[in-house]
Amino acid sequence: MKASAFSYHKPISLEDALSLLESEEEVKILAGGQSLMPMLNMRFVQPEAVIDVNEIEELATISFNDNVEIGALTRQKTLGTHSIIKQHLPIMQEALKWVGHFQTQSRGTIGGSLCHLDPASELPMIALLYDAELEVASKSATRIIPMKEWALAYMMPSIAPEELLTKILIKPWGMPYGYGFQEFARRHGDFAIAAVGCLLKLQDGVISEIAISIGGVEDVPRRFIECEDVLRGSKYDIEEVKKQIIGPLDQINYIDDSLVTGSYRQKLLKGLLVRSIEQAASRANSL
Amino acid sequence: MGVRQIGARVHRVEDDNLIRGEGKYLDDIQLPNMGYAAFLRSSMAHAKISITDTEAARTLDGVQAVFTYDTLPSSLVSKTQLETYPAPIIKQSMCPELLANDEVAHVGQAIAMVIANTRHVAEDACELIQVEYTPLTPVVDVIKAAKSDSQLTHSSLKDNIAASIETKFGDVETAFEECEDSIELSFKQHRGGCHSMECRGVLGDWQQQLGELTLYSSTQCPYLVRRMVSRQLGCPESSIRVIAPDVGGGFGPKAGYYPEEALIAIASKELRKPVKWTEDRREHFISTNQQRDQIWKLEVAFKKNGEITALKGHVTLDSGAFLNYGLLLSATTLMPLPGPYKIKNLHVTLDAVYTNTVSTSPVRGAGRPNAAYAMDRVIDAVARHLSIDPAEMRQINLVKNEDFPYQPGSKHRNGSMMTYDSGDYTGMLAMVKEMADYDGFRKEQQEARARGKYLGIGLACFIEDTGMGPYEGVNVRVDVTGNIIASTGATSQGQGHATVIAQVIAENLDIDISKIRVEAGDTGKFPHGIGAIGSRTGVNVGISANDAAIQVKNKALKLASILLEKPEDELELSDGAVRARSDSNQFITLADLALQLSPAVAGKLPEGFETAGLEAVSYQTTDYMPHSSGANIAKVEVDVVTGGIKILDYYVVHDCGRILNPMIVDGQIIGGVVHGIGNAMFEQMVYDDSGNPMTTNYGDYLLPLASEMPEIHVAHIETPSPANPMGLKGAGEGGTIPAIGAMINAIEDALTPFDAYIAKYPVTPEYILELVDGEKMAAE
Chain S
16 MKASAFSYHK PISLEDALSL LESEEEVKIL AGGQSLMPML NMRFVQPEAV
66 IDVNEIEELA TISFNDNVEI GALTRQKTLG THSIIKQHLP IMQEALKWVG
116 HFQTQSRGTI GGSLCHLDPA SELPMIALLY DAELEVASKS ATRIIPMKEW
166 ALAYMMPSIA PEELLTKILI KPWGMPYGYG FQEFARRHGD FAIAAVGCLL
216 KLQDGVISEI AISIGGVEDV PRRFIECEDV LRGSKYDIEE VKKQIIGPLD
266 QINYIDDSLV TGSYRQKLLK GLLVRSIEQA ASRANSL
Chain L
19 MGVRQIGARV HRVEDDNLIR GEGKYLDDIQ LPNMGYAAFL RSSMAHAKIS
69 ITDTEAARTL DGVQAVFTYD TLPSSLVSKT QLETYPAPII KQSMCPELLA
119 NDEVAHVGQA IAMVIANTRH VAEDACELIQ VEYTPLTPVV DVIKAAKSDS
169 QLTHSSLKDN IAASIETKFG DVETAFEECE DSIELSFKQH RGGCHSMECR
219 GVLGDWQQQL GELTLYSSTQ CPYLVRRMVS RQLGCPESSI RVIAPDVGGG
269 FGPKAGYYPE EALIAIASKE LRKPVKWTED RREHFISTNQ QRDQIWKLEV
319 AFKKNGEITA LKGHVTLDSG AFLNYGLLLS ATTLMPLPGP YKIKNLHVTL
369 DAVYTNTVST SPVRGAGRPN AAYAMDRVID AVARHLSIDP AEMRQINLVK
419 NEDFPYQPGS KHRNGSMMTY DSGDYTGMLA MVKEMADYDG FRKEQQEARA
469 RGKYLGIGLA CFIEDTGMGP YEGVNVRVDV TGNIIASTGA TSQGQGHATV
519 IAQVIAENLD IDISKIRVEA GDTGKFPHGI GAIGSRTGVN VGISANDAAI
569 QVKNKALKLA SILLEKPEDE LELSDGAVRA RSDSNQFITL ADLALQLSPA
619 VAGKLPEGFE TAGLEAVSYQ TTDYMPHSSG ANIAKVEVDV VTGGIKILDY
669 YVVHDCGRIL NPMIVDGQII GGVVHGIGNA MFEQMVYDDS GNPMTTNYGD
719 YLLPLASEMP EIHVAHIETP SPANPMGLKG AGEGGTIPAI GAMINAIEDA
769 LTPFDAYIAK YPVTPEYILE LVDGEKMAAE
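Chains S and L, in that order, are what the protein sequence lines are. One point on numbering: in this note's numbering, the residue at position 8 of the first sequence is 23, and numbering is uninterrupted. One point on numbering: in this note's numbering, the residue at position 227 of the second sequence is 245, and numbering is uninterrupted.
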């Protein structure tokens with residue numbers, strides 16, 4: 016388990032990194048390295064060049080200006096403790112409790128999670144809930160990609176080879192709203208077998224606004240629009256919710272593999288979905 | 019006399035280096051001009067193979083050699099791995115060719131070995147070797163493999179049965195005819211692999227001018243490796259020195275002899291330079307022995323009062339592709355039956371069956387956890403059938419104190435009658451119930467169910483045959499500096515053997531532990547040894563170290579008596595010197611005594627001394643095997659929405675006789691329980707129908723993590739073993755053996771409202787929900 020040969024670059028500015036991305040072929044970006052390093056060693060990826068972005072400090076910032084703006088190199092551990100995140104995106108901190116382990120969080124970055132795009136990854140689920148905007152840069156241009164257009168296919172984000180994800184912009188929901196995040200894995204920190212994030216607003220007992228994202232059950236994490244649509248505008252009653260979600264749950268194309276069957280994922284997702292909606296509603300009510 | 023050592027919570031002498039990262043493991047050893055090995059391994063479970071091109075690999079920059087079956091030296095005694103433990107009862111013995119010739123029988127079997135300047139280049143070269151595979155039908159499922167019309171796992175076999183063995187005593191047929199009631203039960207057991215933190219590794223250093231090989235191996239059994247490599251290469255044992263350096267865990271699979279040990283020796287000898295191979299984690303999953311599947315079918319006869327009268331059944335055991343560790347796993351599966359329970363009539367048969375998967379051999383506890391699990395599932399099943407509380411059911415059937423020494427009727431591998439030497443099985447059951455507040459928890463359980471919470475409590479009682487002989491020798495020598503050197507054939511993988519040996523010697527010689535140096539794991543330092551297997555080292559080394567230290571003490575007193583002109587009974591050994599009892603200023607140090615006995619100084623040995631040096635060697639043997647025992651309780655909560663299991667608490671009462679170091683024993687027990695919980699809930703080696711391993715990293719193969727572990731409460735009783743002079747019993751596996759049964763019984767107990775029967779482990783959350791939903795599953 017030793018990586019095949021590659022050239023290694025460690026730029027200290029964004030400009031240098033983008034130049035390298037332009038000039039090098041078959042590049043992998045090394046951020047926190049918590050997924051890339053084992054993949055290199057197992058030779059699942061055999062790039063010609065690795066560009067290590069860890070020294071580019073301008074990518075590791077968090078600020079708030081209408082949007083929460085998170086530099087792509089921000090460590091998961093920083094997100095988990097930062098006051099701006101705590102104030103504006105508490106569900107992100109709740110989700111981060113499920114992300115790996117404190118050791119991996121010290122290295123892992125939000126940009127890495129979004130670009131690696133594991134089906135069970137929590138941070139893309141949070142970005143999806145808020146319709147986040149992703150800023151990507153190349154030597155010639157900078158553009159914004161809406162989160163809902165980010166995932167093209169299994170572990171494949173819509174980013175060009177010469178582009179680098181630089182920033183994530185998230186517009187928080189206005190108060191009052193409630194949030195819930197539920198996940199199940201066999202051991203703490205494992206990839207989720209299923210995970211659900213939920214934001215909702217209640218108005219006179221009616222679900223006036225709702226966003227749900229799901230992870231671990233399909234090839235990519237995604238918004239659960241079908242479910243949002245049946246719940247939005249209906250009176251909140253958890254027993255009714257249990258019935259309303261059955262149809263949307265049946266439409267999911269569950270991952271079915273040698274380790275976990277699709278039928279279990281469906282049962283589990285149902286349970287977690289109910290719990291996350293209950294959790295969000297209870298928080299919305301307590302405000 | 020100084021501080022009491024034996025039985026004290028002495029801090030481990032090993033830890034200072036190990037926790038500072040200053041241990042020296044196999045991969046830490048760097049020799050000048052060393053080559054690095056990598057193996058090309060089969061990507062198919064069963065196929066005819068033909069190696070069509072090695073030229074591209076051979077000519078890659080940095081490659082020193084490429085070995086295949088055809089290019090292995092003809093001087094070898096055999097190009098096929100020699101049998102480690104041959105036995106007449108083995109019907110069809112299959113060992114792998116050191117490198118596969120024309121057929122591969124599991125994914126991971128070695129096909130070619132590349133030696134290069136770096137491991138990176140060696141792996142690059144492996145990718146360049148061209149192998150043509152002609153697929154043969156793989157046989158993966160052990161039950162299918164056992165059928166007489168099954169496809170064959172190797173073309174050369176008649177069927178897939180490696181061997182059939184049995185354990186039988188009493189009159190089972192009559193007992194079943196006359197029984198008041200009976201039930202049948204079946205279940206599948208699955209135990210994972212070794213998963214020591216350090217994978218295997220071998221470093222060969224052939225010295226051409228001496229005609230000698232130094233072979234470093236991350237092994238539990240360096241003497242076995244020496245023997246097998248010697249026989250395989252046709253080199254005398256005296257020309258091979260095997261060193262096990264610091265070894266990062268063994269747990270059984272490192273106790274065998276592997277093709278890589280011979281191959282690295284061959285490569286070093288052929289290239290006349292050091293060659294190192296460090297197994298990587300993926301290789302560990304596909305080439306290091308595992309334990310895996312056993313399918314049990316049992317029938318139990320009993321009286322209405324719960325007394326079990328007879329047990330019969332059959333076990334189908336997955337041998338994997340080869341039988342390179344003999345029948346030890348099979349034998350240790352049947353031999354412990356019926357455990358701590360009195361069942362007078364018993365007949366269980368076992369087939370060891372080849373499949374196209376990684377070979378199997380013992381993992382911590384060997385077959386004992388399987389046997390213990392079977393018995394505790396039998397007890398719970400009968401208890402449920404008769405509506406008797408599981409604790410009461412155990413009380414009824416346990417061997418009682420007045421029964422010792424108790425002979426259940428089974429036999430050891432050497433043919434002698436199994437004898438439980440001493441213990442207090444019912445006392446431990448009462449004690450663990452008390453610790454866990456068993457009766458209180460039953461009430462709590464009822465209240466929780468009313469609130470939709472599912473709590474469960476599970477019991478397990480076990481015995482373990484430990485301290486297997488014939489011996490593990492120790493030499494104790496006083497150096498002319500006054501330091502003590504203890505050398506032994508016992509080999510450590512982190513258990514703290516050096517500490518325990520030093521404690522025993524320190525107590526006898528009344529010397530500070532820091533003055534005792536323990537040398538082990540090196541065939542060049544001590545002539546004979548067996549290895550760290552089967553909870554045997556503490557017992558065997560303990561009594562030999564004790565005896566050798568006493569001999570040294572007596573020799574010191576005898577010589578001091580001459581030199582100080584005092585009778586021996588007026589002398590005492592304290593603080594590194596022999597002193598006159600009447601006047602502690604009249605003394606002679608151990609260092610001086612050692613000097614007097616060294617040839618360079620004395621010119622001749624003092625009158626009445628037949629052996630040089632202030633030293634003695636001992637190979638104490640035990641009369642019969644001491645039996646450790648214990649009672650465990652697990653408490654769990656099951657989430658019937660997710661299928662998740664939370665382990666609330668775990669309680670152990672353990673008896674390993676006289677305890678040498680309670681801190682080390684507690685560590686063994688707690689680690690062992692975690693291992694058992696891993697078996698019950700997490701560890702699973704999954705193969706697809708084509709024999710492809712699906713769990714070859716620690717994301718897919720789940721080891722127990724600290725985050726899921728409960729508080730493990732450990733208590734001891736000490737019933738000294740009459741089988742050896744120190745009253746010792748083994749402790750290395752007693753945590754693992756009962757834990758699976760306690761866990762599964764607890765989980766099933768939590769699911770009582772769903773009338774669930776757990777037919778397999780590890781229990782996955784998916785399986786829990788199937789049970790909750792009433793989907794009945796039989797053992798496969």
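For glycine and all other residues, C-beta sits at the position ideal for the given N, C-alpha and C.
Under 8 Å between the Cβ atoms of residue i and residue j?
i, j, result
"S/Ile260", "S/Glu293", "no"
"S/Leu180", "S/Val151", "yes"
"S/Thr119", "S/Thr89", "no"
"L/Asp555", "L/Gln604", "According to the sequence shown, residue 555 of chain L is Thr rather than Asp. No, the Cβ-Cβ distance between L/Thr555 and L/Gln604 is not below 8 Å."
"L/Lys576", "L/Ala634", "no"
"L/Tyr472", "L/Leu769", "yes"
"L/Ser636", "L/Asp528", "no"
"L/Val381", "L/Ser337", "no"
"L/Leu477", "L/Ala409", "yes"
What residue range does the beta strand (DSSP E) around residue i cover?
i, result
"L/Glu729", "Glu729 to His734"
"L/Gln48", "First-last for L/Gln48: undefined, no H or E at that position."
"L/Tyr151", "Gln148 to Pro153"
"L/Phe605", "Phe605 to Thr607"
"L/Tyr234", "Glu230 to Ser235"
"L/Asp199", "Asp199 to Arg209"
According to DSSP, is residue i helix, strand or coil?
i, result
"L/Leu355", "coil"
"L/Gly549", "coil"
"L/Pro14", "Because chain L in this structure spans residues 19 to 798, residue 14 of chain L falls outside the shown range and cannot be described."
"L/Glu798", "Note that L/Glu798 scores 42 on pLDDT, short of 50, meaning its location in the model is unreliable; the coordinates nonetheless yield the value given after this. Coil, per DSSP."
"L/Glu278", "helix"
"L/Ile786", "helix"
"L/Lys461", "helix"
"L/Phe3", "Here chain L covers residues 19 to 798 and nothing more, so residue 3 of chain L does not appear."
"L/Val376", "coil"
"L/Tyr642", "coil"
"L/Glu751", "coil"
"S/Pro236", "coil"
"L/Ser616", "coil"
Return the CA-CA distance between residue i and residue j, expressed in angstroms with no decimal places.
i, j, result
"L/Lys429", "L/His365", "13 Å"
"L/Phe627", "L/Lys42", "40 Å"
"L/Glu798", "L/Val158", "For L/Glu798, the predicted structure reports a pLDDT of 42, less than 50, and the residue's modelled location is therefore unreliable. A value from the coordinates is still provided. If I take the Cα positions, the gap works out to 13 Å."
"L/Gly25", "L/Gly188", "41 Å"
"L/Asn419", "L/Arg209", "33 Å"
"L/Gln250", "L/Thr375", "25 Å"
"L/Pro617", "L/Pro624", "11 Å"
"S/Tyr269", "L/Pro756", "38 Å"
"L/Val781", "S/Ala46", "37 Å"
"L/His124", "L/Gln99", "16 Å"
Which stretch, first to last residue, makes up the alpha helix (DSSP H) that contains residue i?
i, result
"L/Asn572", "Thr555 to Leu582"
"S/Leu129", "Ile125 to His131"
"S/Ser78", "Not the alpha helix (DSSP H): S/Ser78 falls in the beta strand (DSSP E), residues Ile77 to Asn80."
"S/Gln108", "Pro105 to Leu111"
Task: Those runs of the alpha helix (DSSP H) which lie wholly inside the region 481 to 554 of chain L and span at least 4 residues - done: Counting only runs of 4 or more, we get 515 to 527.
Open item on the list: For a minimum of 4 consecutive residues, which ranges assigned as the alpha helix (DSSP H) are wholly contained in the region 45 to 125 of chain L?
Closed with: 73 to 76
- [ ] Could you pull out every unbroken alpha helix (DSSP H) segment of at least 4 residues lying fully inside the region 397 to 465 of chain L, listed in chain order?
- [x] 408 to 415 and 443 to 454
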